[in-house]
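Going by numbering that gives the first Met the number 0, the letters in the sequence shown line up with residues 0 to 173, in that order. Inspection log for the structure reproduced underneath, given as C-alpha cells.
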Amino acid sequence: MSPGLSAALDMLAAKFRTALHAADETYARLGIPHVLIGGVAVGAYAEPYATKDIDFLVGDEAFDSKGIVVSFRAGVPLEAAGVPVDSVPIEQEYKGIYEAALATAVNSDEPGIKIVRIDYLAALKLIARRSRDYDAVVDLLDHGLDEKAVIAIIGYDRELVARFEKALEMFEGE
C-alpha cells in the first residue's frame, strides 16, 4: 500500500497540492534528487494535520556551496503557489541516514510524488528533535511504524536511540 498523500493533501488548502507538484517539477527539471519529508509526509502515513510549508530532503545538487555558508543553486524553489518550500540539505553528522532516506524513497498515491519511507521519516524526526517531532514519531507509532525498522536505521547512534526511547515512552503513556 502506498502512503496516503492524496488524502493528506485533501485536508489542506488546494494551494498545497499545487505547490507540491510545482516544487517537484522544478527539482526534477534542475536534476536535483528530492523526496517529500516533514509534516505533509507525516500526514500521509498518520493523521493529516495543519502545516505551513512543504519540506523536501534534497541532494547536494540543490546547492552552489555547502559548509559554514550554505547557498542555494539558482532556481531552487523557496515558495510555490504562496506556500513556503523548505529544501532540507543532507546533514553531515547523519549523512548515511539522509542519503538512504533519499535513495529509498517510495511512490505515494499522489501521481509523480516520491515520499520518504515511514521508518526513515521517523529517523529524520528524531534527528530534528523538536517537541513536535517527538509528537510526529508517536503519531507514526500509533499508525503502525515498525520499531525494529527504526532501530535498524538509528541503532549505531546512542543519542538517536535515546530520543527514540523517549518517543516510545510517550507512545506507551498515551
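Built from N, CA and C at the ideal position, the CB exists for glycine as well. It should be emphasised that the depicted structure is a prediction, and the values quoted were computed from it without experimental measurement.
Candidates the options, of which the one nearest residue i by Cα
i: R129; options: G38, D59, Y26 and L144; result: G38
i: A151; options: G74, L139, A61 and Y119; result: Y119
i: G30; options: A127, A73, A100 and A121; result: A73
i: P88; options: P76, Y26, A40 and F62; result: F62
i: E92; options: I126, V105 and F15; result: I126
i: L159; options: V136, E173 and G172; result: V136
Assigned exposure category for residue i - 16 Cβ within 10 Å defines buried
i: S107; result: buried
i: G95; result: exposed
i: P32; result: buried
i: M0; result: Confidence in M0 is poor, its pLDDT being 45 and thus under 50, which makes the residue's placement too unreliable to answer from.
i: D59; result: exposed
i: G66; result: exposed
i: D145; result: exposed
i: I153; result: buried
i: R157; result: exposed
i: S86; result: buried
i: G42; result: buried
i: Y155; result: exposed
i: R162; result: buried
Whole-angstrom C-beta distance between residue j and residue i, which should lie under 8 angstroms
i: L8; j: E109; result: 6 angstroms
i: A45; j: H142; result: 4 angstroms
i: F170; j: L123; result: Not confirmed; about 18 angstroms, so no contact.
i: V34; j: L56; result: 5 angstroms
i: A6; j: A80; result: Their Cβ separation, rounded to whole angstroms, is 20 angstroms, which puts A6 and A80 out of contact at 8 angstroms.
i: A99; j: Y133; result: So it is not a contact: roughly 22 angstroms between Cβ atoms.
DSSP bridge partner residues for residue i (one or two, in chain order)
i: L101; result: Its beta-bridge partners do not exist; DSSP assigns none.
i: V82; result: A79
i: V87; result: L56
i: I117; result: Answer is none; I117 lacks a bridge partner.
Host alpha helix (DSSP H) of residue i (start-end)
i: V69; result: Segment: none, V69 is in no alpha helix (DSSP H) and carries neither H nor E.
i: T25; result: A13 to L29
i: D132; result: S130 to D141
Range of the contiguous beta strand (DSSP E) that encloses residue i
i: L35; result: H33 to I36
i: S188; result: An answer regarding residue 188 cannot be provided, because it is not within the stretch 0 to 173 covered by the chain.
i: S64; result: F62 to S64
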